[in-house]
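Trainee: Here you go, one structure.
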Amino acid sequence: MAVYILHFSEKYHHALHYIGFSEDPAARLDRHIARTEQPLIRAVVRAGIEIEIARVWPDAGRKFERKLKNQKNASRFCPICRSGNQAEA
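Sequential numbering of the sequence shown, starting at 13, is according to our numbering.
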């Protein structure tokens, strides 16, 4: 498994990121966009906001995903945000 951060091109209400886990993050992103099963991703897609994979931790699983989510600070781990190329608040 791998844990990944999705970065949105602009904020959707409070959210600029989504953290998830998958065997194949790129394929999972395609499924997120095509099926929009996850409510936040569905809303972001419907709002026309672009989504990209910002970071992947290979060989990480649910415990690590939960650890990141519990910190409620995905920007800290997002290289796009850390480089200063982030969406405006």
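Just so you know, even glycine gets a beta-carbon here, dropped at the ideal spot from N, CA and C.
Given this structure, state the Cα-to-Cα distance separating L18 from N82, to the nearest angstrom.
Mentor: The alpha-carbon atoms of L18 and N82 are separated by roughly 16 angstroms.
Trainee: Please state the DSSP three-state secondary structure of I31.
Mentor: Note: I31 maps to strand in three-state DSSP.
Trainee: Exposed or buried, what is I45 when buried is set at 16 or more other beta-carbons lying within 10 Å of its beta-carbon?
Mentor: Exposed, because fewer than 16 other Cβ atoms sit within 10 Å of the Cβ of I45.
Trainee: Does DSSP classify E64 as helix, strand or coil?
Mentor: The answer is strand: DSSP assigns E64 an E or B state.
Trainee: Who are the Cβ neighbours of I53 in its own chain at under 8 angstroms, not counting the five residues just before and after it?
Mentor: Within the same chain, I53 has close Cβ partners L18, Y30, H44, I45, I63.
Trainee: Can you tell me which residues form a DSSP beta bridge with I17?
Mentor: DSSP, once it has assigned bridges, lists I31, R67 as partnering I17.
Trainee: Could you pull out every residue in the same chain whose Cβ sits closer than 6 angstroms to the Cβ of C93, ignoring the five residues on either side in sequence?
Mentor: These residues qualify, in order along the chain: S87.
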